[in-house]
Amino acid sequence: MNGTVLVTGGAGYIGSHTVRRLLRNGYQVAVFDNLSKGHRWAVPDNVPLIVGDVADVAHVAMTIRQLHVTSVIHFAAFSLVGESMIEPRSYYANNVAGTMHLLDGMRVAGVDRIVFSSSAAVYGEPASVPIEEDSTLAPTSVYGRTKMVIEGMLHDYAVAYGLRFVSLRYFNAAGADPQGDNGEDHDPETHLIPLVLQAAAGRRPSVSVYGNDYPTADGTCVRDYIHVNDLADAHILALESLEGHMEATYNLGNGEGFSVKQIIETAQRVAGCDIPVVQAPRRAGDPAVLVASNVRARTELGWIPQFTDLEDIVRTAWNWELHRSAC
Ligand code: UFG
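Residue 19 is where the sequence shown starts when you use our numbering, and the numbers rise one by one after that.
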């Protein structure tokens with residue numbers, strides 16, 4: 019595809035991994051990020067970094083024109099479920115209004131292709147697993163609702179204005195680039211795998227297990243962990259699929275669930291040490307089991323996740339943790 023791919027939120031965890039995969043695939047890339055969550059170091063030196071906010075329509079439109087942007091991959095968003103319940107306004111402003119303004123900037127500058135970061139959070143507590151894309155959308159968090167609203171907005175814009183889009187519903191993004199120079203770095207960190215590994219590395223005293231009375235085999239929550247580079251590859255396939263159709267939605271997961279206890283056991287094997295665990299109450303809003311059906315992404319996009327072994331995923335995250343600790 020000719021032209022530049024503009025990656026909003028390209029200094030963040032999934033965005034910066036996608037930037038590297040785009041470069042490897044020969045794409046011209048630019049990052050648009052306000053650095054509120056992302057890191058300058060996560061953007062490769064040879065990629066232009068435009069520090070700006072997606073809500074700034076004029077800045078988005080000028081960037082698109084100056085850099086000859088022909089498509090957008092949109093990661094920029096707030097993504098903490100708990101925070102979204104306390105600060106709903108900032109989630110609607112940043113995620114929903116931010117995306118609306120980004121779309122304005124794209125329309126002003128004549129760009130009509132976007133790949134959007136959605137989330138399994140749009141499903142809420144699923145009626146059955148594995149979850150298919152046509153399952154009921156019943157988000158249990160403000161965060162999930164913002165993603166659902168944006169998906170609806172994209173559809174309406176496709177119908178009315180001819181926008182072409184793909185929404186990608188991520189399950190649990192995990193792992194790090196095996197090259198070792200990029201990985202997960204949130205502040206605050208709330209995700210299970212980095213927290214477990216930080217406890218293994220002695221950077222935290224212990225890890226808390228939120229709830230042991232869920233209706234699962236060992237009583238702890240089950241999630242579908244998908245390697246960040248596999249997610250990144252799906253974005254490139256989604257971008258390329260926009261040649262052929264107007265709109266589509268795909269789940270991105272491995273299609274296999276692992277419990278919190280299984281994650282901790284795997285991390286102990288990978289790190290080669292015991293990890294101190296503290297039993298804690300359930301975390302509000304956590305569904306018991308979230309596992310994707312990835313059949314649609316496999317058949318329609320030709321997406322084949324490469325990291326199908328949990329231990330391999332955790333090992334890449336551990337190598338990143340060691341690299342970070344050494345820095
Ligand atoms: N967990 C713990 N201890 C911790 C952190 C997490 O036991 O210290 C548990 C959680 O209760 C959950 C599992 O580990 O059962 C995974 O938790 P994460 O916070 O790593 O991920 P979530 O499944 O809560 O969240 C992910 C994405 C969100 C998205 C959500 C959809 O990170 O962006 O899936 O439900 F909204």
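All residues carry an ideal CB built from backbone N, CA and C; glycine is no exception.
- When the Cα atoms are used, S108 and Y161 turn out to be separated by approximately 10 Å.
- The continuous beta strand (DSSP E) containing A192 extends over residues 190-192.
- In the displayed model, T88 falls within a strand according to three-state DSSP.
- The alpha helix (DSSP H) runs lying completely inside the segment 274-326 and spanning 4 residues or more are 278-289, given in chain order.
- With 16 or more other Cβ atoms inside 10 Å of its own Cβ, P148 counts as buried.
- As a beta-bridge residue in DSSP terms, H245 pairs with A192.
- Around R39, the same chain offers N247, A250, D251, I254 as residues with beta carbons nearer than 7 Å, after the five sequence neighbours per side are excluded.
- In chain order, A217, I293, P294, V295, V296 place their CB closer than 8 Å to the CB of S224, counting only its own chain and leaving out the 5 sequence neighbours on each side.
- Taking the Cα positions, D327 is about 45 Å away from V126.
- Between the alpha carbons of V99 and V90 lies a distance of about 25 Å.
- When C-alpha distances from T154 are compared across A139, T164, I168, the shortest belongs to A139.
- Here S159 is buried, its C-beta having at least 16 other C-beta atoms within 10 Å.
- Taking all protein chains in view, the Cβ of W336 is crowded by 16 or more other Cβ atoms within 10 Å, so the residue is classified as buried.
- Closest in C-alpha terms to L270, from the list S185, A302, V288, comes S185.
- Taking a cut-off of 8 Å on C-beta distances, the segment 299-314 touches the segment 257-275, as three or more cross pairs fall below it.
- In the three-state reduction of the DSSP assignment, L98 falls in the coil class, being assigned neither a helical nor a strand state.
- Here the segment 50-63 lies against the segment 23-38, with 3 or more beta-carbon pairs under 8 Å apart.
- Taking the C-beta atoms as reference points, H209 is found no nearer than 7 Å to I331.
- Only residues of its own chain outside the window of five on either side were considered, and among them N230, D231 have a CB closer than 6 Å to the CB of G237, listed in chain order.
- Rounded to the nearest whole angstrom, the CA to CA distance from A73 to L121 is 9 Å.
- In the DSSP annotation of this structure, the continuous segment of the beta strand (DSSP E) that includes S137 starts and ends at 131-137.
- Between V133 and the set Y179, H204, F183, D71, the nearest pair of CA atoms involves F183.
- Considered as a whole, the segment 202-241 harbours 210-218 as its complete alpha helix (DSSP H) runs of no fewer than 4 residues, in chain order.
- With contacts defined as CB atoms closer than 7 Å, E169 and S136 qualify as a contacting pair.
- Within the DSSP secondary-structure output, I168 pairs in no beta bridge.
- Around the beta carbon of H263, fewer than 16 other beta carbons lie within 10 angstroms, which makes this residue exposed.
- Note that the C-beta distance between V78 and G123 is below 7 Å.
- Under the three-state reduction of DSSP output, V49 falls in the strand class.
- In the displayed model, E329 falls within a helix according to three-state DSSP.
- In the same chain as R163, and ignoring 5 residues on each side of it, the C-beta atoms closer than 6 Å to its own belong to P157, in chain order.
- Within the DSSP bridge table, the entry for E339 names no partner.
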